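In the order they appear, the protein sequences are chains A and B. Using our numbering, the letters of the first sequence map in sequence onto residues 1 to 350. Using our numbering, the letters of the second sequence map in sequence onto residues 351 to 700.
There are 2 protein chains.
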Amino acid sequence: MPQTITLSIDAMGGDNAPNMVVEGMDLALRDLPNVRFIVFGRSEQLVPLLEKHKRLSARIDLRHCDDVVSSEEKPGVALRSGRKSSMRKAIDAVGTHEADGVVSAGNTGALMAMAKFVLKTLPGIDRPAIASLLPNMKGESVMLDLGANIQCDAENLVQFAVMGEVYARNVLHIDKPSIGILNVGTEVLKGNDSVKQAAAILSETKLPIDFYGFVEGDDIGKGTVDVIVTDGFTGNVALKTVEGTAKLFAGALKQELMKSTLGKIGAFIAKPAIDSFRNRFDPRRYNGAMFLGLGGICIKSHGGTDGLGFCYAIKAAHELVTDQLNEGIKEDYARFSSEHHSMSLTTPED
Amino acid sequence: MPQTITLSIDAMGGDNAPNMVVEGMDLALRDLPNVRFIVFGRSEQLVPLLEKHKRLSARIDLRHCDDVVSSEEKPGVALRSGRKSSMRKAIDAVGTHEADGVVSAGNTGALMAMAKFVLKTLPGIDRPAIASLLPNMKGESVMLDLGANIQCDAENLVQFAVMGEVYARNVLHIDKPSIGILNVGTEVLKGNDSVKQAAAILSETKLPIDFYGFVEGDDIGKGTVDVIVTDGFTGNVALKTVEGTAKLFAGALKQELMKSTLGKIGAFIAKPAIDSFRNRFDPRRYNGAMFLGLGGICIKSHGGTDGLGFCYAIKAAHELVTDQLNEGIKEDYARFSSEHHSMSLTTPED
């Protein structure tokens, strides 16, 4: 029997909270028998919901909070005035080591600000990054940053590369993950200064990493590399572009099939195959963005997801805790950053 | 009978040139009876190919060039040393008004540098932009810039907005096209200074344009706006991300259908519907990126395309010439920029 893993849950974040949060916990419990939850939120809403889930209730420690961080709240304001909110209390539980990780579907900026304040960044990391898994032709890859850092210098990108590498090795269990920096086609212009300098540092480093070089937008779907490094602006746009294109395709395929009788019959016969296709790219399966570089596990669920999506966010947190990601990052980064630092000092500037 | 339109063609650009170029011209001629071509390239390669296409040969004026701009050539080098290349000669034909527009599948950076040098930018336009149509749930939208300008200030973005608006009105025939600036989710951080300032200018302008505000990556597929404005770095990544996701989906759907007998039978029965779906998103149909803001029509075909794709690039050039896009931009921009200029002067800075 594996050790019990305790996750603290912000029950009030997300469009369909707290219903979808309760559903998500219930679903997650089926596959994760060793998990228990500390749940923060309004008990008057949560108690009636939990009464319908007896098995789940037995694994929950409910902590009442009146305050909720709204989705419009600015990060700074939430940080100052949201000390008693369900989001903050859920993060605090990780800070006090009562919980092993936190999951919230609330306001991303507020969650990052609070998590950074409470959990601090790991030694050698200037800025945490938001990372997510993305499906591709070969399986999946991790992309970061997805919106925490709108403008990034070369050093930020190099740190993201190291965090992504450690994640891919420790959690995806890839022996020597390949790393690419997202850039525009080399034939036009070779990108901005940040990506050029970051590529130069990663190319010349003596760190035992597999730096592939630049990748382009279509390499995300191809699965050219295991880790895709980019600034938060480009990463956010690219991630949402993948999501939007996926929706467009799924919608248009259905539309075309339902237009004709033959289409409907064919779709009915091929239903298992089409379902398997849908399932493979179901965005809920990829829900649960990771805040990498913090002194604790923090997972951001998509605000608009449902119970199944939230369940996947819980599973992502569970996996990071199980694989002791932060221990990995801490050890590797300490080693990497000392080597990288000494390397930086000896590398001639160009 | 409509007036004859003359397009100059760089026959040597692209991975499968000149074969696919000749095929593309032949295909285009079927739908565009009023087109004729001035074709620049190596006659020893072109003559045998053209002998197979008698009808096409009658509509072609072949001009021999030995020189070819390679795909690795740097724009500056190509500009200085490529004066006798097929690409440059094809652009020159537009500069001398012998041709109404030029199409090339060659080196994007070299094509842009040469086109800018020969055709100049339109009055009031600092930097030309690369624009392309993209499919969405409602039809299609135009996105720019796609890689000509890696770093853009607010003024560049505002100019792109106006160029995109004029294109959507004159060529897509949308009465009052809506314009959005691509940004990250407002909940995290509200983007960089360029997008914030550009949005402020467009929000306050008295120009008769429909500025929607910020859009996110998933709005590309949704079709939230008719014109998506972005810097060349983000736009290039977003465009290629759409392409990569499209390929991933098409490939995975086929994979899932071919895995089982029922999948194969269903796919066979639904073939017309699936073909119609494929056709709707066939990237070749969207081939032909437009260089907007230049004193002449210049279309860049994807280098890796085939005859059908090159045919669509020719059609894109033909459409811009027919709809007299540049006349529209020139007139509108002269009006817009004088209004915008006087507006800028009276708007208090913040």
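We put the CB at the ideal spot given by N, CA and C, even for glycine. Just so it is clear, the structure is predicted and the values come from calculations on it, not from any experiment.
So residue i contacts chain D; which residues on that side make the cut at Cβ distance below 9 Å?
i      : result
B:L607 : The displayed structure is made up of protein chains A and B, and chain D is not among them.
Given residue i, which residues of its chain have a CB within under 6 Å of its CB, disregarding the five upstream and five downstream residues?
i      : result
B:N369 : none
B:D450 : I355, T356, V671
B:Q395 : P368
B:G459 : P425
B:N637 : S651, H652, T655, G659, Y662, A663
A:I174 : A168, D226
From what residue to what residue does the alpha helix (DSSP H) around residue i run?
i      : result
A:A254 : Just to set this straight, residue 254 of chain A is Lys in the shown sequence, not Ala. It spans 232-258 - the alpha helix (DSSP H) in which A:K254 sits, taken as one unbroken run.
B:G551 : Here residue 551 of chain B turns out to be Ile, not Gly, going by the sequence shown. Element bounds for B:I551: 543-554.
B:V372 : 369-381
B:R630 : 621-630
A:L56  : 54-57
A:G14  : Premise fails: A:G14 is in no alpha helix (DSSP H) and is neither H nor E.
B:I570 : 567-572
Starting from residue i, follow the beta strand (DSSP E) in both directions and report where the run begins and ends.
i      : result
A:V129 : For clarity, residue 129 of chain A is Ala in the given sequence; the question names Val instead. Counting along the chain, the beta strand (DSSP E) containing A:A129 begins and ends at 129-135.
A:T6   : 5-10
B:G391 : 385-391
A:F291 : 289-292
B:I410 : 410-414
In this structure, how does DSSP classify residue i when only helix, strand and coil are distinguished?
i      : result
B:F561 : strand
B:V419 : coil
A:M1   : Its pLDDT being 43, under 50, A:M1 is placed unreliably in this model, and the value from its coordinates should be taken loosely. The answer is coil: DSSP assigns A:M1 none of H, G, I, E or B.
B:L494 : strand
B:C502 : coil
B:H668 : helix
A:K84  : coil
B:D525 : coil
A:S104 : strand
A:K300 : strand
B:I578 : strand
B:V538 : Any reading at B:V538 needs caution, since the residue's pLDDT is 41, under 50, leaving its predicted position unreliable; the model's value is listed next. If DSSP states are grouped into helix, strand and coil, B:V538 belongs with coil.
A:I329 : helix
A:I91  : helix
A:G76  : helix
B:D655 : Before going on, a small fix: residue 655 of chain B reads as Thr here, not Asp. Of the three classes helix, strand and coil, the one that applies to B:T655 here is coil, per DSSP.
B:T611 : helix
A:R335 : helix
B:G489 : coil
A:G164 : helix
In whole angstroms, what is the alpha-carbon distance linking residue i and residue j?
i      : j      : result
B:R635 : B:V592 : 14 Å
B:G594 : B:S651 : 17 Å
A:G251 : A:S132 : 24 Å
B:M464 : B:S454 : 12 Å
B:L412 : B:S435 : 14 Å
B:D365 : A:C311 : 47 Å
B:A684 : A:G191 : 32 Å
B:E537 : B:G643 : Because B:E537 carries a pLDDT of 44, less than 50, the predicted location of this residue cannot be relied on, and the following value inherits that uncertainty. Near 34 Å, if we compare the C-alpha coordinates of B:G643 and B:E537.
B:A548 : B:C502 : 10 Å
B:S393 : B:V371 : 13 Å
B:D632 : B:A550 : 37 Å
A:A11  : A:V68  : 9 Å
A:F233 : A:L134 : 17 Å
A:A246 : A:L253 : 11 Å
B:S431 : B:I441 : 15 Å
B:E422 : B:G654 : 14 Å
B:M437 : B:G363 : 8 Å
A:N156 : A:N326 : 18 Å
B:K439 : B:E515 : 31 Å
To which residues of the same chain is residue i closer than 7 Å at the C-beta, ignoring the five residues directly before and after it?
i      : result
A:G223 : N136, M137, K138, G139, S141
A:A267 : L257, I274
B:K402 : none
B:G445 : V468, L469, G646
A:A28  : V35, C311, I314, K315
A:L239 : S132, M143, L146
List the whole-angstrom C-beta distance separating residue i from residue j, where the pair is believed to meet the contact cut-off of C-beta under 8 Å.
i      : j      : result
B:R408 : B:M462 : Here residue 408 of chain B is Ala; the residue named in the question, Arg, does not match the sequence. With 8 Å as the limit, B:A408 and B:M462 do not qualify as a contact, their Cβ atoms being about 33 Å apart.
A:M143 : A:T261 : About 42 Å separates the two Cβ atoms, so there is no contact after all.
A:V237 : B:V534 : 7 Å
B:V565 : B:I619 : Rounded, the Cβ-Cβ distance is 39 Å, inconsistent with contact.
A:F249 : B:F390 : Wrong, their Cβ atoms sit about 39 Å apart, outside the cutoff.
Beta-carbon within less than 8 Å of residue i's beta-carbon, same chain only, minus the 5 sequence neighbours each way: which residues are those?
i      : result
A:E98  : T6, S8, I38
B:M513 : I475, A479, A481, L494, L642, G643, I679, Y683
Is residue i close to the ligand SAH? I mean its beta-carbon at under 7 Å from any heavy atom of the ligand.
i      : result
B:L472 : By its list of ligands, the structure shown contains no ligand whatsoever, and the ligand SAH lies outside what it can speak to.
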